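Each residue of the sequence shown is one higher than the one before, starting from 71 at the first, in the working numbering.
Every residue, glycine too, gets a C-beta built ideally from N, C-alpha and C.
These numbers come from a predicted model, not from an experiment.
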Amino acid sequence: MTAIDIVPVTGPALLDRFIRLPERLHKNDPHYIAPLHLERKEALTAKNPFFGHADVQFWLARKDGRDVGRISAQIDHHALELRPDGTGQFGLIAAEDDPAVIKALLDVAADWLRARDMTRMQGPLNLNINEEIGLLVDGFGTPPMLLMGHDKPYLGPRLEEQGLRKEKDVYAYLYDITKDLPAGARRLIDRPLPKGITVRRMDFKRYDDEIKAVTSIFNDAWRDNWGFVPLTEVETDYLAKSLKPLLNPRLVRFVEQDGEAVGFIVCLPNLNEAIRDLNGKLLPLGWAKLLWRLKVAGLKTARVPLMGIRKAASQGMIGSLLPFLLIDAVRTDAAAMGFQHIELSWILEDNLPMRRINESLGGVAYKTYRIYEKAL
Numbered sequence: 071m072t073a074i075d076i077v078p079v080t081g082p083a084l085l086d087r088f089i090r091l092p093e094r095l096h097k098n099d100p101h102y103i104a105p106l107h108l109e110r111k112e113a114l115t116a117k118n119p120f121f122g123h124a125d126v127q128f129w130l131a132r133k134d135g136r137d138v139g140r141i142s143a144q145i146d147h148h149a150l151e152l153r154p155d156g157t158g159q160f161g162l163i164a165a166e167d168d169p170a171v172i173k174a175l176l177d178v179a180a181d182w183l184r185a186r187d188m189t190r191m192q193g194p195l196n197l198n199i200n201e202e203i204g205l206l207v208d209g210f211g212t213p214p215m216l217l218m219g220h221d222k223p224y225l226g227p228r229l230e231e232q233g234l235r236k237e238k239d240v241y242a243y244l245y246d247i248t249k250d251l252p253a254g255a256r257r258l259i260d261r262p263l264p265k266g267i268t269v270r271r272m273d274f275k276r277y278d279d280e281i282k283a284v285t286s287i288f289n290d291a292w293r294d295n296w297g298f299v300p301l302t303e304v305e306t307d308y309l310a311k312s313l314k315p316l317l318n319p320r321l322v323r324f325v326e327q328d329g330e331a332v333g334f335i336v337c338l339p340n341l342n343e344a345i346r347d348l349n350g351k352l353l354p355l356g357w358a359k360l361l362w363r364l365k366v367a368g369l370k371t372a373r374v375p376l377m378g379i380r381k382a383a384s385q386g387m388i389g390s391l392l393p394f395l396l397i398d399a400v401r402t403d404a405a406a407m408g409f410q411h412i413e414l415s416w417i418l419e420d421n422l423p424m425r426r427i428n429e430s431l432g433g434v435a436y437k438t439y440r441i442y443e444k445a446l
């Protein structure tokens, strides 16, 4: 039996191999889209502010002289401050369909977490709850949207063979915005706005204030949700700067109540559509293709990664109306800009109010991502 070597990722060369490994695993998958290497290198190094409150380690698995798998393990100290339950995470898992390789990867991550007094392993999180989460277990027949994962169909069953069990599913909802809203939703939205309620676009002249408002509303809106870890202003600023080239004021909306921002929605053009054939590379011609597709040809798909309504504003009839107003405002402008489909993700399986809103607006749950857990 050929030995499997587990190699800690140290230095840029090994990190580059770690980043590129999924491209070989998915080379025959027409729906896989390689993320940009430059973006991954930044997200998986100390440039990402997550590393300021987390311990992180990456590994490669090698067999027969080639890289055959990868995994991360991480401990988010902000999460442990909120829930001191001894939970660490694994993530970024990708491997050939070899039970021995997958076992070796999970074992090294578990051992690393156990050595740091963790008593439970959860994942995949890439790298935390506010980034890419879950393993794709349904919806393999379409490409992933911006900042969403795409995994091999065998990987879920292989994790379960190693004793991991489902902790939570999250859904991605897809809207066909070329179609009008269902009649019931249209009647609700077409009513005159309640007194004191306004919906406005993002004001780029007050960019820093707008980003602070997003952070504050998000942390208030989702603080009681499963797995919640607050966004820091540093993290929101990092995310905003990373995605600023994609931000369009027509696709970022705030809802105000008596002049105070109480809700927001952020919709981003689906960068994956623009980089689908670049194989993660911007040189030599990737930059030109990317700019042409973003600025001239235009994209047909977009994703809503962030949305929230302050808890105090989410009560009663007016509160139930606000998500409809935000989603409809974005979908209306997106359709006018030539977009055809919008993904709203991710939504917890037991967040029934949000699921009902999505479905009443014509959204379809078309992808399922699963978070697993195991006692250590």
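query	result
Cβ neighbours of D63 in the same chain (closer than 7 Å, five flanking residues each side left out)	Here the chain covers residues 71 to 446 and nothing more, so residue 63 does not appear.
6 Å CB neighbourhood of Y102 in its chain, flanking five on each side removed	H96 and H220
With 16 other Cβ atoms within 10 Å as the buried cut-off, status of W362	exposed
8 Å CB neighbourhood of F298 in its chain, flanking five on each side removed	L152, I199 and W292
Close beta carbons around K196, own chain, < 8 Å, minus the five adjacent residues each side	The identity of residue 196 in the sequence shown is Asn, whereas the question assumes Lys. Closer than 8 Å at the Cβ level, and outside the excluded window around N196, lie S142, G161, L162, E202, I203 and G219.
Pair within 8 Å by beta-carbon distance, H411 and L244	yes
Segment contact, 8 Å Cβ cut-off, at least three pairs: the segment 187 to 196 with the segment 74 to 81	no
Proximity to D250 [Cα-Cα], best of N428, L422, L414 and T402	T402
Supposed close pair F88, R132 - CB separation, criterion 8 Å	F88 to R132, Cβ: 12 Å. No contact.
Identity of the residue in D279, L317, N349 and E305 nearest A331 by Cα	D279
Cα-Cα separation, A165 to F394	41 Å
Contacts around R110, its chain only, beta-carbon distance under 8 Å, and the 5 residues preceding and following it disregarded	I89 and G350
For G433 and G408, believed in contact at Cβ under 8 Å, the rounded distance	Incorrect: roughly 20 Å between the Cβ atoms, too far for contact.
Collapsed DSSP secondary structure at E330 in the structure displayed	strand
Where N98 falls: helix, strand or coil (DSSP)	coil
Cβ shell of E93 (< 6 Å), same chain only, five flanking positions each side left out	A104
Pairwise C-alpha distance: L338 and K265	30 Å
Environment of R373 [buried if 16+ CB atoms lie within 10 Å]	buried
E480 burial status per 10 Å Cβ neighbour count (16 or more: buried)	Absent from the model: residue 480. The displayed extent of the chain is 71 to 446, so no value can be given.
Option nearest I441 by Cα separation, candidates N340, Q127 and V240	V240
Nearest neighbour of P100, chosen from A174, K222, L205 and R184 [CA to CA]	K222
W416 burial status per 10 Å Cβ neighbour count (16 or more: buried)	buried
Cβ-Cβ distance between M191 and L376 below 8 Å	no
V171 - partner residues in DSSP beta bridges	DSSP lists no partner for V171.
Rounded separation between P213 and K238 - CA only	22 Å
Residue burial classification, D294 (beta-carbon count within 10 angstroms, cutoff 16)	exposed
Residues that D75 bridges to, as DSSP identifies them	R132
In chain order, each beta strand (DSSP E) run of at least 3 residues that lies wholly inside the segment 286 to 373	322 to 327 and 330 to 339
Sub-8 Å separation of L352 and L341 beta-carbons	no
For Q159, the nearest candidate out of V171, V126, G211 and A116 (CA to CA)	V126
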